[in-house]
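Here's the structure we're looking at; comments come further down.
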RNA sequence: GCGCCUGUAGCUCAGCAGGAUAGAGCAUCGGACUUCUAAUCCGAGGGUCGGGGGUUCGACUCCCUCCAGGCGCGCCA
């Protein structure tokens, strides 16, 4: 509709130019927007004000001239007005709104999908938590955002994949293994010094205890290094299992779990460094191997191989991103916590050093989640004992409310998550408001069925009977869905879906209060039934994108 | 010190490819169930959009500056 309208305006301006009323060289882009206030119409354009400053006449005259040359053959427009300082407001005819209902019915669960993605292959990498402890609340935010974003991209015509990068190599892992081994010895009464900076959470002791109960004290015989190795693997597989399970409970199913170790084993890191050296971006200094990231705007050059011969995390990450790109992705979207934002510059530099434009890598920097308990901050470090895990949160709050809550704010904003609040106010959570609207519609349908009501399709219904303000407002909101999906996907902002779902639910509740669906008037009931059914469809589609269920009753 | 993010109603936040009278939820106060679920609806009060400059016909939105808070600036991951 937007395109049709702007085309209509464009041709009106062309005709006005010919008639000599408007004298300009080139017609600027016509910007159409939805006014905040509905009394200003369905669409509005500022084109008259833009042109007026070029032609040096009053915007009102220009607007008048454009309107005079409008040729609305299809009768899309009910009314066109000049308002305020020179806005042209367009009021769409109801006939157009009724078409929206027919379209929703025709497209069903595909209503809202589009093809702005044009099949572009995009990979979304998110969560990627180190496998050294249970998933915490912060990971939940990235799981919700990443998974929903991938849903959105798919809906918008991208070919999207979800990937989890497992940082199963390096110092942190080693310390983790040492920590579990130390707890094991401790449980068996052998004094052993706990590693410096080790993981002190109770879960470490739990893993050690489990091994002890299953296999006794046989690992006491091993050397310290061997023991560390054994416990590292035990703990690793257990944590990974936990991670997969919890993410699955969150509703986030990954296509690929990529292990950092494979990069080390396969020699991919060396190969990547060699490639970069051939390209002339690598040099040796102070016994280490460096990448000249400053060539591509980084603050300083970065170490690839340490003095001790070990590759850095950065070197592995470059090999990883090279691997992704060689798998054929056109775009890589990484979701990182704000504590990694200083890393973006060097990674983009590395992408360019590999010979790709920096735009292929998009990094969404998400601000951190502040965990509160009754207003008091709770530390979320993996190393401190006191911690609330994502698993516990899911158990107490549920997937729907958890996901919805995590998606209610833009990723730029830090999120305060008060556990007490989430638990105690769970029935006041906006997610229930939206779900209730869906359940209400289901209830109407059940009622209709019980009464032997015979519904008809949107094609056969007398939709022009839908003329109440609350009915038309609801249809307008339904029509907006396609634009919302497109914008959310293109701008990578899944959180606007929660706002949309709440708005839509609110308009349905108003409609419900003001208009009885099943009444004595059969034709009116049929038309309203179509509207209710379409509302249910769009609510479902919106909730599906954010991974929240649409219950039939509550 | 430098970089990124944030600052909007009592509270939590939307709005920010510049647009008309700045919105919602919660909280407070007052109404609406013999009728498809009241987990709902209707109404009221509540604001120097952190401060100050600038660009513009027009700024919460863009630019500069200052203030406040968060995060980051490793041969850690």
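Residue numbers (the numbering used here): 1 to 554.
Where a beta carbon is used, it is the ideal one built from N, C-alpha and C, also for glycine.
Opposing strand residues paired with residue i [DSSP bridges]
i           : result
residue 331 : 122
residue 389 : 136
residue 417 : 371
residue 142 : Answer is none; residue 142 lacks a bridge partner.
residue 20  : In the DSSP output, where bridge partners are listed per residue, residue 20 has none listed.
residue 159 : 121
residue 376 : 373
residue 337 : 366
Sequence-distant residues of the same chain with beta carbon closer than 8 Å to residue i, five excluded per side
i           : result
residue 455 : 448, 526, 529, 530 and 533
residue 413 : 367
residue 554 : 432, 435, 436 and 439
residue 344 : 336, 363 and 365
residue 262 : 268
residue 299 : 345
residue 241 : none
CB contact flag (residue i, residue j, <8 Å)
i           : j           : result
residue 163 : residue 255 : yes
residue 453 : residue 518 : yes
residue 331 : residue 360 : yes
residue 319 : residue 268 : yes
residue 548 : residue 397 : no
residue 572 : residue 497 : Outside the shown range of the chain, which is 1 to 554, sits residue 572, and nothing can be said about it.
residue 66  : residue 417 : no
residue 276 : residue 290 : no
residue 116 : residue 160 : no
residue 440 : residue 500 : no
residue 407 : residue 155 : no
residue 140 : residue 390 : yes
residue 153 : residue 544 : no
residue 165 : residue 258 : yes
residue 151 : residue 260 : no
residue 31  : residue 132 : no
residue 111 : residue 481 : yes
residue 243 : residue 135 : yes
residue 220 : residue 185 : yes
residue 246 : residue 415 : no
residue 51  : residue 24  : yes
Cβ neighbours of residue i in the same chain (closer than 6 Å, five flanking residues each side left out)
i           : result
residue 63  : 48, 82, 86 and 88
residue 252 : 143 and 147
residue 458 : 101, 102, 105 and 530
residue 540 : 550
residue 507 : 473, 474 and 477
residue 6   : 30 and 32
Same chain, Cβ closer than 7 Å to residue i, five either side skipped, listed in chain order
i           : result
residue 183 : 204, 205 and 208
residue 559 : Here the chain has residues from 1 to 554 only, and residue 559 is not among them.
residue 410 : 493 and 495
residue 70  : 8, 12 and 80
residue 108 : 537
residue 324 : 123 and 332
residue 288 : 303, 305, 306 and 307
residue 356 : 325
residue 523 : 462 and 465
Span of the beta strand (DSSP E) around residue i
i           : result
residue 289 : 288-291
residue 638 : Residue 638 lies beyond the range of the chain shown here (1 to 554); nothing can be said about it.
residue 409 : Where residue 409 is concerned, there is no enclosing beta strand (DSSP E), given that its DSSP letter is neither H nor E.
residue 364 : 361-366
residue 305 : 302-305
Residue i: first and last residue of the uninterrupted alpha helix (DSSP H) it sits in
i           : result
residue 525 : 522-546
residue 433 : 430-450
residue 259 : Counting along the chain, residue 259 falls outside any alpha helix (DSSP H), though it belongs to the beta strand (DSSP E) covering 256-259.
residue 281 : From DSSP, residue 281 is part of no alpha helix (DSSP H); its letter is neither H nor E.
residue 347 : 344-353
residue 480 : 469-490
residue 506 : 496-514
residue 318 : 313-326
Residue i beta carbon near the ligand NAD (any heavy atom closer than 7 Å)
i           : result
residue 187 : Inclusion of the ligand NAD in the displayed structure is not the case, the ligand content being empty and no account of it being possible.
Complete runs of the alpha helix (DSSP H) confined to the segment 28-114 [at least 4 residues] = For the segment 28-114, whole alpha helix (DSSP H) runs of length 4 or above, ordered along the chain, are 47-55, 59-68 and 94-107.
Enumerate, from N- to C-terminal direction, the unbroken beta strand (DSSP E) stretches of 3 or more residues contained entirely within the segment 165-234.
-> The segment 165-234 contains no whole beta strand (DSSP E) run of 3 or more residues.
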